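To start, the structure under review is shown below, and the notes come after it.
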Amino acid sequence: MTIDAEHWLELYGDILFRYSFRYVKDKLTAEDLVSETLLAGLKAQSSFAGQSTEQTWLIGILNNKIMDHFRKSKREVSFDEAAIISDNIDEDFTESGQDSGSWKPNRRPAEWMVDTDDPVEIKEFWLYLNNCIESLDIRLSMVFVLRELEEIDSKNICNALSISHTNLRVMLYRARKQLRLCLEKNWIKAMPDDKE
6 MTIDAEHWLE LYGDILFRYS FRYVKDKLTA EDLVSETLLA GLKAQSSFAG
56 QSTEQTWLIG ILNNKIMDHF RKSKREVSFD EAAIISDNID EDFTESGQDS
106 GSWKPNRRPA EWMVDTDDPV EIKEFWLYLN NCIESLDIRL SMVFVLRELE
156 EIDSKNICNA LSISHTNLRV MLYRARKQLR LCLEKNWIKA MPDDKE
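Letter by letter, the sequence shown follows residues 6 to 201 of this note's numbering.
See the structure below:
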């Protein structure tokens with residue numbers, strides 16, 4: 006497979022920068038990480054096996070650069086599957102025979118009263134969603150952003166982050182759950198009780 010490295014910045018620069026900036030919150034650091042990623046990609050282009058897209062491959066390299074950045078700043082982050090999957094019993098659900106469970110009555114998600122035709126409400130939603138994404142553990146934030154916002158397919162995310170499909174599903178579940186709780190707590194107003 007041939008790689009057209011001359012056009013990487015043009016093709017993938019924006020997505021790599023957005024992705025990096027979301028985590029490091031500093032424009033210069035994000036730009037440096039993207040530059041390091043593109044340089045590392047150039048050095049390793051002969052090892053690109055074509056098992057994913059160039060974009061996904063570069064995001065995988067960028068992920069490693071972001072992790073290295075946090076390690077250097079004493080914020081150790083790892084994708085340890087055992088730690089992520091170990092506590093996969095969810096107290097919000099009750100088991101009902103062989104079913105996958107149902108919501109406990111006092112833990113059901115609040116009904117969302119969002120007017121999708123109101124641009125002010127949509128803008129407010131995105132503001133709160135971004136704040137909630139920032140509050141997530143970086144591992145959960147990364148998989149959620151890649152899958153839901155950047156719309157990278159699951160196989161490519163697993164390849165880029167060196168995680169299993171099961172691990173990805175667990176991480177996405179946890180990210181979505183925590184985002185739902187964060188939005189309910191900080192933005193969504195619970196519906197009033199039914200009046201007689």
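We put the beta carbon where it would ideally sit given N, CA and C, even for glycine.
The structure presented is a predicted model; accordingly, all values stated were derived computationally and were not measured.
Cut-off 7 Å between Cβ atoms - residues of its own chain near residue i, not counting five sequence neighbours on either side
{"i": "Thr42", "result": "Leu21, Leu63, Ile66, Leu67, Lys70"}
{"i": "Leu177", "result": "Val148, Phe149, Arg152"}
{"i": "Cys187", "result": "Cys137, Ser140"}
{"i": "Ala35", "result": "Phe22, Ser25, Phe26, Val29"}
{"i": "Lys32", "result": "Phe26"}
{"i": "Glu11", "result": "none"}
Spatial neighbours of residue i in its chain, beta-carbon cut-off 8 Å, leaving aside the 5 residues before and after
{"i": "Tyr24", "result": "Ile64, Leu67, Val150, Leu151, Glu155"}
{"i": "Asn191", "result": "Tyr133, Asn136, Cys137"}
{"i": "Glu129", "result": "Trp192"}
{"i": "Lys48", "result": "none"}
Simplified DSSP assignment, three categories, for residue i
{"i": "Leu188", "result": "helix"}
{"i": "Ala54", "result": "coil"}
{"i": "Glu129", "result": "helix"}
{"i": "Ser40", "result": "helix"}
{"i": "Ile279", "result": "Not covered by the structure: residue 279. The range shown for the chain is 6 to 201."}
{"i": "Ile66", "result": "helix"}
{"i": "Ile138", "result": "helix"}
{"i": "Ile157", "result": "coil"}
{"i": "Lys30", "result": "coil"}
{"i": "Ser78", "result": "coil"}
{"i": "Asp19", "result": "helix"}
{"i": "Asp122", "result": "coil"}
Cβ separation of residue i and residue j, assumed to be a contact under 8 Å, to the nearest whole Å
{"i": "Cys137", "j": "Leu184", "result": "5 Å"}
{"i": "Gln50", "j": "Tyr17", "result": "About 14 Å separates the two Cβ atoms, so there is no contact after all."}
From the options, residue whose alpha carbon lies closest to that of residue i
{"i": "Ser57", "options": "Asn191, Cys163, Glu189", "result": "Cys163"}
{"i": "Ala54", "options": "Leu141, Arg181, Asn161", "result": "Asn161"}
{"i": "Lys30", "options": "Ile143, Arg181, His170", "result": "Ile143"}
{"i": "Thr171", "options": "Lys182, Arg181, Ser159, Ala165", "result": "Ser159"}
{"i": "Leu44", "options": "Leu14, Asp19, Leu33", "result": "Leu14"}
Exposure label - residue i; buried when at least 16 CB within 10 Å
{"i": "Gly46", "result": "buried"}
{"i": "Val39", "result": "buried"}
{"i": "Ile157", "result": "buried"}
{"i": "His74", "result": "buried"}
{"i": "Leu166", "result": "buried"}
Contacts around residue i, its chain only, beta-carbon distance under 6 Å, and the 5 residues preceding and following it disregarded
{"i": "Arg179", "result": "Leu145"}
{"i": "Lys182", "result": "none"}
{"i": "Glu96", "result": "Its pLDDT being 42, under 50, Glu96 is placed unreliably by the model, and the measurement read from it follows with that caveat. Here the set comprises nothing."}
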